[in-house]
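Working notes, structure below.
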Amino acid sequence: YEIQKCLFSAYDIFKKDPELLRLIGTLYHDTGNFNKALEYLEQAFAINEYDLESALFIGGILGADGRFSEALPYLELYLSFNKNQELALNNIGYCYYYTNNLLMARESFKNLIEIYGNKKRIAKCLKNIELKLEGKNVKIIRFRKYKPRKKKIAPKKTKKPQIGRASCRERV
Numbered sequence: 001y002e003i004q005k006c007l008f009s010a011y012d013i014f015k016k017d018p019e020l021l022r023l024i025g026t027l028y029h030d031t032g033n034f035n036k037a038l039e040y041l042e043q044a045f046a047i048n049e050y051d052l053e054s055a056l057f058i059g060g061i062l063g064a065d066g067r068f069s070e071a072l073p074y075l076e077l078y079l080s081f082n083k084n085q086e087l088a089l090n091n092i093g094y095c096y097y098y099t100n101n102l103l104m105a106r107e108s109f110k111n112l113i114e115i116y117g118n119k120k121r122i123a124k125c126l127k128n129i130e131l132k133l134e135g136k137n138v139k140i141i142r143f144r145k146y147k148p149r150k151k152k153i154a155p156k157k158t159k160k161p162q163i164g165r166a167s168c169r170e171r172v
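With this note's numbering, the residue at position 62 of the sequence shown is 62, and numbering never jumps.
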């Protein structure tokens, strides 16, 4: 709660600061409010088009929302500077997969497995991609939109001392 209060106090003064906008966007992201996060992260990215952290967050949010082709440029930018980052490789692999760019999806997923080890879902996608590339008739793995649980940022509740009541230990 204190962090939120401080960030918005600073925002009242520095509305065009990309670092501050990214921090506010990250706060909203971490509390599950992806729409608000996207609003602030896009503002930060519009001011600084080389803000890689904002690009990764934006790409992840758009991908989680099923907006794969919109997510790709952000993830591609991020990976052009950080080519082995696990989350970015995972996200871009799915974006390529669901936009039917199977060769790029295969490459991304293979890189991911090579660097971070085998993962069941990735292996399933790779098998599906290989079968499709061989001309076999296979269903695309169903996409499930990610809906985060929104967490409230609330002030800490402090216990009020009870006046006039003795605790059990004091009575003895």
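For glycine and all other residues, C-beta sits at the position ideal for the given N, C-alpha and C.
query, result
"Terminal residues of the alpha helix (DSSP H) in which residue 26 lies", "18 to 30"
"Where residue 144 falls, given that 16 or more other Cβ within 10 Å makes a residue buried", "exposed"
"As assigned by DSSP and simplified to three states, the class of residue 60", "helix"
"Cβ neighbour criterion (16 or more within 10 Å) applied to residue 69", "exposed"
"Rounded distance between the beta-carbons of residue 108 and residue 131, thought under 8 Å", "At roughly 18 Å, the Cβ-Cβ gap does not stay under 8 Å, so residue 131 and residue 108 are not in contact."
"Proximal residues to residue 44 (C-beta, below 7 Å), its chain only, five neighbours per side dropped", "18, 21, 22, 25, 51, 54"
"Neighbourhood of residue 87 by C-beta, 8 Å cutoff - its chain only, sequence neighbours within 5 removed", "56, 60"
"Any beta strand (DSSP E) of 3 or more consecutive residues that is wholly inside the stretch 84 to 124", "none"
"Proximity below 9 Å, CB of residue 66 to CB of residue 75", "no"
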